[in-house]
Amino acid sequence: MLLCDAAHNKMHSDEEREAHVLVIGSGGAGVRAAIEASTYGETILVSKTLAGKGGCTTMAEGGYNAVLREQDSCDIHFEDTMNGGALLNDPALVRILVDEAPRRMEDLLRWGAVFDVTDCCEVAQRPFGGQRFARTCYAGDRTGHEMISTLIDRLHSTEVWVENEITIISLLKDGDRVNGAAGLDRQGNLRVILADSVVLATGGGTKIYDISTNSSSGTGDGYALGFRAGAELIDMEQIQFHPTGAVYPYDARGRLVTEAVRGEGGLLLNINHERFMDRYDPQRKELSTRDVVARAIATEIMEGRGTVNGGVYLDVTHLPRSQIETKLPIMLEQFLKFGVDIRDEPMEVAPTAHHIMGGLRITPQGETTVPGLFACGEVAGGVHGANRLGGNALADTQVFGRRAGDAAGRAPSLEKIADTMGIDAIQSRLRTFDQGDVQPSTVIRSLQVAMWEGAGIFRNAKDLEKTLGIIDHLSTLKMKAPARENLAGCCIAGNMLTTARLVVKGALLRKESRGAHVRRDISQAWDNRTSPYSHTYQSLEREGIEVRP
Amino acid sequence: MKELRVRIFRFNPEAEDHPHYQHYQVRANDGARVLHVLQAISDEMDPTLSFRYCCGSGQCGSCAVRVNGQAVLACMEEAKDSMTVEPLELPVIRDLVVHMEPYLEAIASLIPTGEFRMPTHEEVEAMKPLRSCIECLACVSVCPALKVTKFAGPTVMREDMRLAIDPRDHEDRVTASVADGLFTCTSCQACWKTCPKDIQIPGKAIEKLRALANREGLTLPRHQEVAKLIQDTGRSVTRTEPTLMEQVPEVIEPRGEVKGTVGFFVGCMYNQRLPKSALDALEVLKRNGIRVIIPREQVCCGSPLIRTGQVDFLDTIKSRNINCFTFRGLDVVMTMCAGCGSTLKHDYTTPFRIMDITEVLTRFGIEQPAPLAIKATYHDPCHLLRGQGIRDQPRELITKVVDLVEMPAICCGSGGGVKSGNPAEADALGELRRAEIEKTGAEVVITSCPFCEYHIAPHTDKPVKNICTILLEGYAEKDRKERPPA
Numbered sequence: 001m002l003l004c005d006a007a008h009n010k011m012h013s014d015e016e017r018e019a020h021v022l023v024i025g026s027g028g029a030g031v032r033a034a035i036e037a038s039t040y041g042e043t044i045l046v047s048k049t050l051a052g053k054g055g056c057t058t059m060a061e062g063g064y065n066a067v068l069r070e071q072d073s074c075d076i077h078f079e080d081t082m083n084g085g086a087l088l089n090d091p092a093l094v095r096i097l098v099d100e101a102p103r104r105m106e107d108l109l110r111w112g113a114v115f116d117v118t119d120c121c122e123v124a125q126r127p128f129g130g131q132r133f134a135r136t137c138y139a140g141d142r143t144g145h146e147m148i149s150t151l152i153d154r155l156h157s158t159e160v161w162v163e164n165e166i167t168i169i170s171l172l173k174d175g176d177r178v179n180g181a182a183g184l185d186r187q188g189n190l191r192v193i194l195a196d197s198v199v200l201a202t203g204g205g206t207k208i209y210d211i212s213t214n215s216s217s218g219t220g221d222g223y224a225l226g227f228r229a230g231a232e233l234i235d236m237e238q239i240q241f242h243p244t245g246a247v248y249p250y251d252a253r254g255r256l257v258t259e260a261v262r263g264e265g266g267l268l269l270n271i272n273h274e275r276f277m278d279r280y281d282p283q284r285k286e287l288s289t290r291d292v293v294a295r296a297i298a299t300e301i302m303e304g305r306g307t308v309n310g311g312v313y314l315d316v317t318h319l320p321r322s323q324i325e326t327k328l329p330i331m332l333e334q335f336l337k338f339g340v341d342i343r344d345e346p347m348e349v350a351p352t353a354h355h356i357m358g359g360l361r362i363t364p365q366g367e368t369t370v371p372g373l374f375a376c377g378e379v380a381g382g383v384h385g386a387n388r389l390g391g392n393a394l395a396d397t398q399v400f401g402r403r404a405g406d407a408a409g410r411a412p413s414l415e416k417i418a419d420t421m422g423i424d425a426i427q428s429r430l431r432t433f434d435q436g437d438v439q440p441s442t443v444i445r446s447l448q449v450a451m452w453e454g455a456g457i458f459r460n461a462k463d464l465e466k467t468l469g470i471i472d473h474l475s476t477l478k479m480k481a482p483a484r485e486n487l488a489g490c491c492i493a494g495n496m497l498t499t500a501r502l503v504v505k506g507a508l509l510r511k512e513s514r515g516a517h518v519r520r521d522i523s524q525a526w527d528n529r530t531s532p533y534s535h536t537y538q539s540l541e542r543e544g545i546e547v548r549p
Numbered sequence: 001m002k003e004l005r006v007r008i009f010r011f012n013p014e015a016e017d018h019p020h021y022q023h024y025q026v027r028a029n030d031g032a033r034v035l036h037v038l039q040a041i042s043d044e045m046d047p048t049l050s051f052r053y054c055c056g057s058g059q060c061g062s063c064a065v066r067v068n069g070q071a072v073l074a075c076m077e078e079a080k081d082s083m084t085v086e087p088l089e090l091p092v093i094r095d096l097v098v099h100m101e102p103y104l105e106a107i108a109s110l111i112p113t114g115e116f117r118m119p120t121h122e123e124v125e126a127m128k129p130l131r132s133c134i135e136c137l138a139c140v141s142v143c144p145a146l147k148v149t150k151f152a153g154p155t156v157m158r159e160d161m162r163l164a165i166d167p168r169d170h171e172d173r174v175t176a177s178v179a180d181g182l183f184t185c186t187s188c189q190a191c192w193k194t195c196p197k198d199i200q201i202p203g204k205a206i207e208k209l210r211a212l213a214n215r216e217g218l219t220l221p222r223h224q225e226v227a228k229l230i231q232d233t234g235r236s237v238t239r240t241e242p243t244l245m246e247q248v249p250e251v252i253e254p255r256g257e258v259k260g261t262v263g264f265f266v267g268c269m270y271n272q273r274l275p276k277s278a279l280d281a282l283e284v285l286k287r288n289g290i291r292v293i294i295p296r297e298q299v300c301c302g303s304p305l306i307r308t309g310q311v312d313f314l315d316t317i318k319s320r321n322i323n324c325f326t327f328r329g330l331d332v333v334m335t336m337c338a339g340c341g342s343t344l345k346h347d348y349t350t351p352f353r354i355m356d357i358t359e360v361l362t363r364f365g366i367e368q369p370a371p372l373a374i375k376a377t378y379h380d381p382c383h384l385l386r387g388q389g390i391r392d393q394p395r396e397l398i399t400k401v402v403d404l405v406e407m408p409a410i411c412c413g414s415g416g417g418v419k420s421g422n423p424a425e426a427d428a429l430g431e432l433r434r435a436e437i438e439k440t441g442a443e444v445v446i447t448s449c450p451f452c453e454y455h456i457a458p459h460t461d462k463p464v465k466n467i468c469t470i471l472l473e474g475y476a477e478k479d480r481k482e483r484p485p486a
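Just so you know, the protein sequences line up as chains A and B, in that order. Following the numbering used here, the numbering of the first sequence begins with 1 at its first residue and continues without gaps. Following the numbering used here, the numbering of the second sequence begins with 1 at its first residue and continues without gaps.
Here is the structure:
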């Protein structure tokens with residue numbers, strides 16, 4: 001590994017390390033990719049946080065969708081996923097997701113995952129929104145945590161070299177091909193890793209919104225890194241607003257309240273104690289798809305039927321106390337910490353930015369449009385279309401994490417030539433943060449508020465254009481790093497601006513309402529099936545919306 | 001919005017010799033957590049403040065810090081005015097950021113067996129409580145054994161136990177856990193009480209592993225001797241002088257009006273080694289109207305067996321102890337030994353109520369003793385403070401007599417079979433107590449557990465006294481003052 005002192009622009013290589021595969025990200029997809037890639041050659045996994053602690057996998061509560069029972073079928077799972085995604089999903093990717101999810105679940109079980117089981121020693125499954133079969137496997141309401149514990153455990157049994165707390169700030173290229181990445185460690189030293197192939201598994205980015213379920217690492221770095229390296233991204237306008245985020249305390253607003261609450265029988269009620277989902281989706285009610293439920297809640301609140309804290313009630317008090325204690329222990333514990341005993345009183349919830357369905361365009365092997373660069377997990381697009389089903393993301397991380405790791409591992413070994421021009425450009429950019437005058441936190445706050453107000457659940461061209469103007473303005477500000485340790489923070493703020501721009505431009509490109517993307521300024525004469533449009537796409541070279549043949 | 005004053009530990013080991021504390025005045029929203037205050041400082045006042053966090057919802061275990069001395073998750077702990085925020089007691093990288101990797105890497109990985117078998121419902125239910133660990137290392141940071149001896153730490157034990165019961169794992173976890181320091185745990189319960197996920201590591205992992213180790217013949221020889229002694233004599237220690245029960249009748253009537261009656265579970269240490277403290281206690285009870293009944297058939301509570309995993313004949317002991325009090329129709333059985341009390345409360349199912357003597361005395365109320373001009377410190381017995389949640393009652397009694405100077409509540413090293421099995425570790429922890437006692441400037445150390453009394457005494461030049469002894473001294477002073485001049 002090459003080490004460069006960012007402040008003094010000296011490059012030295014006292015700890016030179018190259019690898020066959022570089023995986024960026026330590027959530028479910030990244031770790032799964034690294035485990036797979038390591039069977040082909042030396043693999044380095046770089047994590048912005050301590051491996052396994054960042055990302056959203058560890059926070060994922062509800063479950064993992066997999067067809068495990070005779071009565072269920074992969075065809076039904078396929079249809080549920082396509083319909084849930086407003087038919088914007090890439091059918092080939094969905095086919096792979098549903099076919100391989102059970103096998104990847106088997107991997108996890110072999111590696112020691114402790115999922116809830118039935119009396120017959122089968123993995124237990126619960127119902128989730130938008131699915132015709134109860135196929136969501138779970139470990140209480142800490143499913144993602146159980147998965148990441150298992151994956152990190154497995155990772156320790158491999159030869160993968162883990163680099164903790166390095167923020168990747170740029171991909172490096174040799175000609176057209178991505179052949180490494182540059183990052184900043186805790187102290188702000190620039191570190192360069194070269195590899196035959198690079199897997200982006202950086203997760204999502206809904207931290208660009210004021211109210212979000214994401215962890216501190218959900219800053220959209222991967223979208224920005226990929227975009228700047230020339231990769232094409234699709235459907236970036238498709239942001240999932242999870243229907244149920246906490247509204248109190250203020251600083252923890254947006255905190256995920258798992259869909260498992262509704263899966264277990266939780267009811268949504270407005271201030272008049274009316275079960276309002278009867279009006280929005282009389283068949284599926286609370287277990288409608290997330291886009292529908294989120295809009296219903298937002299509408300109730302906007303029309304004055306919300307609580308004083310700006311939410312609606314999510315009530316489980318009618319359920320047996322033991323069911324709440326055993327199936328929703330994390331929810332019980334979290335709300336108790338905030339002074340609400342959910343066994344006796346309802347939760348208050350409101351929509352919160354949760355998941356980016358769009359992302360880097362990938363092939364079934366996880367290849368992006370740039371040679372040498374692979375993507376998997378939330379940073380990749382196409383699997384979930386215009387609305388992701390709850391429980392499909394965890395499955396996605398395993399199915400496409402393994403595929404991307406496998407394909408990256410199979411890539412040929414090449415001579416690794418350091419991208420000196422790229423590194424020089426990075427160093428110049430870092431030097432600008434010495435001279436800046438605005439805290440990155442100021443930029444981020446302004447961005448989050450602008451995105452929530454102008455590119456939220458309900459959209460129109462005027463607000464989107466205005467938001468774009470704000471992003472443009474924020475992009476001109478000179479950010480300041482008071483110490484070298486703060487350089488990464490400036491780069492992350494820059495990534496958030498890039499990701500936000502992709503979201504807003506995608507939203508302007510898609511002149512229809514589809515799934516999670518609602519354009520109130522456009523009336524359309526088609527439904528999901530008859531829509532003339534397919535993916536929006538954006539890259540350094542082109543942007544537009546695909547028209548269906 | 002509210003204004004909070006906070007004091008934060010700052011340290012850059014690369015540039016500074018010593019840490020310092022910085023004060024901030026922060027505006028915070030209603031219900032703000034400690035994390036939100038740190039973020040506000042970093043965003044608006046001082047971007048150089050280093051701290052870790054990720055999920056912000058208590059699930060990733062990145063943000064554990066000490067708030068007013070207690071290890072907590074910054075994202076879940078409500079921010080309070082005048083709070084002090086410090087890093088966990090682990091090597092500091094910068095400010096509130098500590099080295100976590102070495103401890104995380106020490107946690108064992110599952111090695112799959114050739115033949116896969118799905119765990120049963122029962123096995124899953126047994127593993128689940130051990131799986132909710134978020135590896136925040138709060139437990140590791142408070143573990144006293146870790147500070148003085150080679151011990152992989154509580155969360156390693158937790159995962160060793162989980163792997164030991166997982167049918168998918170191939171390795172011998174019990175032998176591994178012994179090598180990891182299974183017998184160095186003093187069962188002080190600090191790990192459990194600090195755990196944000198409430199994982200009962202001593203009871204659900206360490207004692208269970210010790211029981212499995214016992215089946216494999218790995219119990220320490222010294223612990224086997226104790227078990228043999230209990231089996232042969234009913235007592236875990238030999239007598240060194242006339243026992244308490246040899247010195248007092250079965251029923252001890254109080255002076256004056258009878259306010260209540262309790263059975264007295266004496267315990268091996270007070271009966272065989274420290275009868276003087278027990279006699280002092282009986283005097284205090286007598287003076288305060290409490291009738292005490294001491295069934296002669298009682299034997300060791302079994303705590304030394306449970307803590308060391310030797311549970312073969314535990315049930316016989318339990319029923320003998322329960323029966324002797326039940327037979328006498330007692331509703332309340334009093335313990336004076338913190339270890340016996342905790343064992344009777346948690347490891348027994350009794351038809352009567354168990355109360356520590358400090359609970360009995362504060363419940364019935366005691367005659368005011370004369371204050372003594374003595375500065376004293378109090379050592380919280382682990383099995384009283386964490387085992388029984390008794391913190392205030394001893395202090396209520398002590399402050400009737402002396403000036404109390406507090407010291408941190410840390411294990412003295414005598415529990416969990418460590419004093420007999422790992423005397424060097426017990427002594428090292430005892431020496432840490434000596435240092436804390438010195439810091440207080442106290443003239444006397446007060447405690448309420450025979451193991452602590454017995455163990456701390458050689459580790460301080462100050463006298464170590466039972467709470468009742470101090471109360472009795474207060475009464476003696478009162479009597480002296482009230483005695484008419486000759």
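Each residue gets a CB set at the ideal place from its N, CA and C atoms; glycine is no exception.
Sub-9 angstroms separation of R284(A) and T352(A) beta-carbons: On the first sequence, position 284 is the one that residue 284(A) refers to. On the first sequence, position 352 is the one that residue 352(A) refers to. Contact: no.
Chain B within 9 angstroms of D424(A), Cβ atoms only: Along the first sequence, one-based indexing puts residue 424(A) at 424. By this cut-off, D424(A) is not an interface position.
Neighbour flag for F116(B) against chain A, beta carbons, 9 angstroms: As a position in the second sequence, residue 116(B) is number 116, starting the count at 1. Chain A, which has a Cβ nearer than 9 angstroms to the Cβ of F116(B), makes this yes.
N-terminal and C-terminal residue of the alpha helix (DSSP H) that Y250(A) is part of: The count along the first sequence starts at 1 and reaches residue 250(A) at position 250. No alpha helix (DSSP H) contains Y250(A), which DSSP labels as neither H nor E.
Residues within the segment 253–278 of chain A neighbouring chain B, beta-carbon criterion of under 8 angstroms: R255, L256
S303(B): first and last residue of the uninterrupted alpha helix (DSSP H) it sits in: For this step, residue 303(B) is matched to residue 303 along the second sequence. It spans 303–307 - the alpha helix (DSSP H) in which S303(B) sits, taken as one unbroken run.
is_contact[R142(A), chain B] using C-beta, thresh 9 angstroms: Your numbering for residue 142(A) matches position 142 in the first sequence. It does: the Cβ of R142(A) has a partner Cβ on chain B nearer than 9 angstroms.
Enclosing beta strand (DSSP E) for L172(A) [first to last residue]: Along the first sequence, read from residue 1 onward, the residue named residue 172(A) stands at position 172. 167–174 is the span of the beta strand (DSSP E), which, as asked, contains L172(A).
Cβ pair L433(B), I467(B) closer than 9 angstroms: Translated into positions along the second sequence, residue 433(B) becomes position 433. Translated into positions along the second sequence, residue 467(B) becomes position 467. Note that residue 433(B) is Arg in the sequence shown here, rather than Leu. In this structure, I467(B) does not lie closer than 9 angstroms to R433(B) by Cβ.
Secondary structure of P351(A), DSSP reduced to three states: Along the first sequence, one-based indexing puts residue 351(A) at 351. Here P351(A) sits in strand by DSSP.
The segment 536–546 of chain A contacting the segment 320–340 of chain A, beta-carbon criterion three pairs below 8 angstroms: no
As assigned by DSSP and simplified to three states, the class of A71(B): For the purposes of this step, residue 71(B) is taken as the residue at position 71 of the second sequence. Three-state result, A71(B): strand.
Within-9 angstroms CB hit, A450(A) to chain B: The count along the first sequence starts at 1 and reaches residue 450(A) at position 450. For A450(A), the answer is no, since every Cβ of chain B falls outside 9 angstroms of its Cβ.
Cβ contact (3+ pairs, closer than 8 angstroms) linking the segment 152–172 of chain A and the segment 336–350 of chain A: no
Backbone CA spacing between K276(B) and Y24(B) [nearest angstrom]: One-based indexing of the second sequence puts residue 276(B) at position 276. One-based indexing of the second sequence puts residue 24(B) at position 24. Cα-Cα distance, rounded: 52 angstroms.
Where W161(A) meets chain B, residues with beta-carbon distance less than 8 angstroms: By 1-based counting over the first sequence, the position of residue 161(A) is 161. Under the 8 angstroms cutoff, chain B gives no residues; its nearest Cβ is about 13 angstroms from W161(A).
Closer than 7 angstroms at the beta carbon, the chain B residues around R126(A): Translated into positions along the first sequence, residue 126(A) becomes position 126. Chain B residues near R126(A): none, gap ~15 angstroms exceeds 7 angstroms.
Beta carbon proximity, P371(A) to chain B, threshold 9 angstroms: Within the first sequence, numbered from 1, the residue matching residue 371(A) stands at position 371. No, P371(A) lies away from the interface with chain B (no Cβ there is under 9 angstroms from its Cβ).
Burial state of L108(A) (16 or more Cβ within 10 Å): Position 108 of the first sequence, counted from the first residue, corresponds to residue 108(A). The residue is buried, with at least 16 neighbouring Cβ atoms inside 10 Å.
Residue range of the unbroken beta strand (DSSP E) whose run includes M355(B): In the second sequence, residue 355(B) corresponds to position 355, counting from 1. M355(B) -> beta strand (DSSP E) spans 353–356.
Residues of its chain near H346(B), where Cβ-Cβ distance is below 8 angstroms and the 5 sequence neighbours each way are ignored: Here residue 346(B) is taken as the residue at index 346 of the second sequence, counted from 1. Taken in chain order, the residues that qualify are G203, G387.
Chain B within 9 angstroms of R17(A), Cβ atoms only: As a working mapping, residue 17(A) is identified with position 17 in the first sequence. False, the Cβ-Cβ gap to chain B never drops below 9 angstroms.
Chain B contacts made by the segment 467–498 of chain A, where a contact means CB separation under 9 angstroms: K480, A481, P482, A483, E485, N486, G489
DSSP three-state assignment for W526(A), whether helix, strand or coil: For the purposes of this step, residue 526(A) is taken as residue 526 along the first sequence, with counting starting at 1. The answer is coil: DSSP assigns W526(A) none of H, G, I, E or B.
Test: I456(B) CB closer than 9 angstroms to a CB of chain A: Residue 456(B) sits at position 456 when you count from the first residue of the second sequence. Not an interface residue.
Beta-bridge pairing of Y24(B) - partner residues as DSSP gives them: Numbered from 1 along the second sequence, position 24 holds the residue referred to as residue 24(B). According to DSSP, which records beta bridges pairwise, Y24(B) is partnered with V6(B).
Proximity test, Cβ basis, 9 angstroms: N29(B) and chain A: Sequence index remark: in the second sequence, residue 29(B) carries index 29 (1-based). It does: the Cβ of N29(B) has a partner Cβ on chain A nearer than 9 angstroms.
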